[in-house]
Amino acid sequence: MKKILIALLSLTFIYFLFTLIAPSFVDKEQNPVAQMPPYQASAEAQRIYKSLDFISDLHSDSLLWKRNLLKKSDYGHVDIPRLREANMGLQAFTIVTKAPKGLNMHQNDAESRDNVTLLSIGQGQHPKTWFSLFERAKYQAKKLHKFEAKDENFRIIKSSADLQKYLSDKQSNKNLVAGFLGVEGAHALEGKLENVEILHAAGIRMMAATHFFDNELGGSAHGLSGDGLSEFGKQVIIKMDELGMIHDLAHISPKMIDDILNLTKRPVLVSHTGVKGVMDSPRNLSDQQISRIAENGGIIGIAFFPEAAGPNSTQDIVKSMKYVRDLVGIQHVGLGSDFDGTVTVPFDVTGLSLLVDEMLNQGFSENEIKAVMGENLKAFFLANL
């Protein structure tokens, strides 16, 4: 019995050390930056960037990692001090509860190994999160609320009234920064309609129907079935409409995109994507899909990573923005970085002025730059959040 007790204590101690040391190494490896700060844009780009009243980004997975977002890190892409340094107005914090090894863009079996389970265990999270996607979603939402409680200049936005108050207060307090919560994949509901209301009560205001796998709602763009909305999926869309939650069309099958647009009564977002007209990938939107989303009054967030935007980094990001602008209008373009999403990005959040530089290079006007960098999203959220 004594030997067993010693062995158990030893294993517990090793696990404790592992949860202290390993998560930062994994985070650094999974979220690289092609160019490290500090960043130096042109004088004109810096002038425009400093003049921006509101900057907003539709996608970051920073809550997935065991990183104190109240402290500035020298790795990863986003934390609250760097958001403040970047003068970010509103950053989406999107919750990932399940992801396959390798993040295959083509086909993933829903039963294949889930890397988020390993992260939950390896980070020393509560055992409830080891076995429940729903508990993982609640856990990550609670993390952001804890950060809010400890930083008087960070707010979680849950309504257009919250956003209006924040915009007013920021006029006299430049240190204010805000975030809002989304969920990347409604498998987090675990097939229970009542969980939509529970996640809404936890502060979540945006949700994508699928992520890398098919689920109870229907088919993923990277799954096996290609299905549209199931009957349960239709119930979820209707419930989200009733609650005023925003539909995120990222990662979902083409058939499901059509089904949601046919069913919902509300404008939609695509939080992080590329376009097939620049890079043909199952991850990206076709011209027809872009046009339908624009007709719906939606916004398309252009992602920053090569698998969506293309291999030429910042140049391809802006090329994708330009493509959407020329097809349906600048009012439908926004930022959708996918910061901290297990991807390589050209810069962290403090390097957004480099994006302004490239937009100038590709002929965007100052008003168009302001629209893409945040004014479009401000108008969308004031109307729909």
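Every letter in the sequence shown is one number past the one before it in the numbering used here, and letter 290, counting from 1, is 696. We put the beta carbon where it would ideally sit given N, CA and C, even for glycine.
- With 16 or more neighbouring CB atoms inside 10 Å of its own CB, residue 782 falls in the buried class.
- Per DSSP, the beta-bridge partners of residue 466 are 745.
- Annotation for residue 638: the continuous alpha helix (DSSP H) segment containing it runs 637-649.
- The C-alpha of residue 777 is placed about 23 Å away from the C-alpha of residue 685.
- Here DSSP, grouped into helix, strand and coil, assigns residue 685 to coil.
- DSSP lists no beta-bridge partner residue for residue 480.
- The alpha-carbon separation between residue 580 and residue 457 amounts to approximately 13 Å.
- By the neighbour-count criterion, in which a residue is buried when 16 or more other Cβ atoms sit within 10 angstroms of its Cβ, residue 537 is exposed.
- By the neighbour-count criterion, in which 16 or more other beta carbons inside 10 Å mark a residue as buried, residue 483 falls on the buried side.
- Restricting attention to beta strand (DSSP E) runs no shorter than 3 residues, the stretch 548-631 encloses them at 560-562, 583-590, 610-614, ordered along the chain.
- Excluding five sequence positions before and after residue 671, the CB atoms of its chain that fall closer than 8 Å to its own CB belong to 647, given in chain order.
- Membership of residue 677 in the beta strand (DSSP E) is indicated by the continuous run 675-679.
- Ranking 681, 688, 712 by CA distance to the CA of residue 732 puts 681 first.
- A distance below 6 Å between beta-carbons, with the five flanking residues on each side excluded, links residue 561 to the following residues of its chain, in chain order: 572, 584.
- Here residue 746 is near residue 470, since their CB atoms are less than 9 Å apart.
- As the crow flies, the alpha-carbon of residue 505 is around 8 Å from that of residue 619.
- Rounded to whole angstroms, the separation of the alpha carbons of residue 500 and residue 737 is 23 Å.
- Residue state for residue 451 is assigned as helix, using DSSP reduced to three classes.
- Per DSSP, reduced to three states, the secondary structure at residue 461 is coil, with no helix or strand assignment.
- Across the set 436, 493, 481, the C-alpha of 493 shows the shortest separation from the C-alpha of residue 460.
- Here residue 553 is buried, its C-beta having at least 16 other C-beta atoms within 10 Å.
- In the assembly as shown, residue 587 is a buried residue. Its beta-carbon has 16 or more other beta-carbons within 10 Å.
- Per DSSP, residue 751 lies in no beta strand (DSSP E) and is assigned neither H nor E.
- Assignment of residue 500 by DSSP, reduced to helix, strand and coil, places it in the strand class.
- The Cβ-Cβ distance between residue 766 and residue 486 does not fall below 9 Å.
- Annotation: the continuous alpha helix (DSSP H) that includes residue 486 extends over 486-491.
- In this structure the stretch 628-639 lies against the stretch 507-519, because at least three pairs of beta carbons, one per stretch, are closer than 8 Å.
- Cα atoms of residue 443 and residue 606: separation of roughly 36 Å, rounded to the nearest angstrom.
- Distance from the CA of residue 784 to the CA of residue 687, rounded to the nearest whole angstrom, comes to 29 Å.
- With a cutoff of 9 Å on beta-carbon distance, residue 589 and residue 642 are scored as not near each other.
- The secondary-structure analysis by DSSP pairs residue 653 across a beta bridge with 613.
- Remark: C-beta atoms of residue 592 and residue 655 do not approach each other more closely than 9 Å.
- Separation of the CB atoms of residue 759 and residue 452 is rounded to 6 Å, and the pair is thereby assigned contact status at 8 Å.
- Here residue 769 carries a coil assignment [DSSP, helix/strand/coil].
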